[in-house]
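Here the sequence shown is numbered in the UniProt record's numbering, starting from 1 and rising by one per residue. Just so it is clear, CB atoms sit at the ideal spot from N, CA and C, and this is done for glycine as well. Quantities reported herein were computed from a predicted structural model and do not represent experimental measurements. Here is the structure we will look at, set down as C-alpha cells.
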Amino acid sequence: MKIALIAHDRKKEEMVNFVTAYENVFQDHTLYATGTTGTRIMENTNLQINRFMSGPLGGDQQIGALVATNEIDLIIFLRDPLMAQPHEPDIIALLRLCDVQGIPCATNIATAEILVKALDRGDFAWRELVHKYKPGIDQ
Numbered sequence: 001m002k003i004a005l006i007a008h009d010r011k012k013e014e015m016v017n018f019v020t021a022y023e024n025v026f027q028d029h030t031l032y033a034t035g036t037t038g039t040r041i042m043e044n045t046n047l048q049i050n051r052f053m054s055g056p057l058g059g060d061q062q063i064g065a066l067v068a069t070n071e072i073d074l075i076i077f078l079r080d081p082l083m084a085q086p087h088e089p090d091i092i093a094l095l096r097l098c099d100v101q102g103i104p105c106a107t108n109i110a111t112a113e114i115l116v117k118a119l120d121r122g123d124f125a126w127r128e129l130v131h132k133y134k135p136g137i138d139q
C-alpha cells in the first residue's frame, strides 16, 4: 500500500515516535511524506521515504495530486488544531480529496493507531480492488 505521512511542526516528534513504534508495519509499504517530516522519519528509522516539498511550499498539494488520481491508499496527517496554518486552504483541499476518493485519513494519533492496526491485520485489502478496476484518466 502507498501511505502518506504528514505532520505539522508541533506534531513532528509525535509522528516520528509513532512511525518508530510501528516501523515493522510500515516497512512493507511504500511511504511518502512532506519534506521535514520525511527527513525526520528517515533519520530515526530504517524506512525509505519518498519525500515531497514542505507542506507550506506545496507538499500537501503534491500528495493531494496523488489522492486525486487514487494513487494513495492511506494518509496519516497529524494536524495541530491549536496553531493557525498559512496553507490552511491546501490542508482543507487535501482532506476534501480524501473524502471524495474514499481514502482513509487519520488526523490525530488515536485514529492513526486504529488505521495502522487495521493495516497490520490486512483490513485494507479492498484497496487492491480499487486499483484493479480504476478507470483511466480519460474515462
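Closest Cα partner of residue i within the set the options
i    : options              : result
L47  : L129, L115, I3, W126 : I3
L119 : M83, D90, I75        : I75
G35  : T45, M53, M42, Y22   : M53
I91  : N50, G59, V25, L31   : G59
A125 : I41, I6, T30, D73    : D73
Cβ shell of residue i (< 7 Å), same chain only, five flanking positions each side left out
i    : result
N44  : V16, T20
I109 : E14, F18, L78
Burial state of residue i, where buried means 16 or more other Cβ atoms lie within 10 Å
i    : result
I114 : exposed
V100 : exposed
D28  : exposed
L66  : buried
K106 : At residue 106 the sequence reads Ala, which differs from the Lys that was named. A106 is buried by the Cβ-count criterion.
A84  : exposed
Cβ neighbours of residue i in the same chain (closer than 8 Å, five flanking residues each side left out)
i    : result
K11  : L78, R79, D80
D138 : Confidence is the limiting factor: at D138 the pLDDT is only 46, short of 50, which leaves the residue's position unreliable, though a coordinate-based value still follows. Same-chain partners within the cutoff: there are none.
I63  : A4, I6, Y32, T34, F52, I72, I75, L94
Those residues which DSSP pairs with residue i across a bridge
i   : result
R51 : A33
Distance cut-off 8 Å: residue i Cβ against heavy atoms of the ligand MN
i    : result
R121 : Within the structure as shown, the ligand MN is missing, as the structure has no ligands at all.
Close-in-space but distant-in-sequence residues of the same chain around residue i (CB under 6 Å, 5 per side omitted)
i    : result
P104 : L74, L115
Alpha helix (DSSP H) segments (min. 4 residues) lying fully within the UniProt domain "MGS-like" (1-139): 12-21, 23-26, 35-44, 59-68, 88-101, 109-121, 126-132
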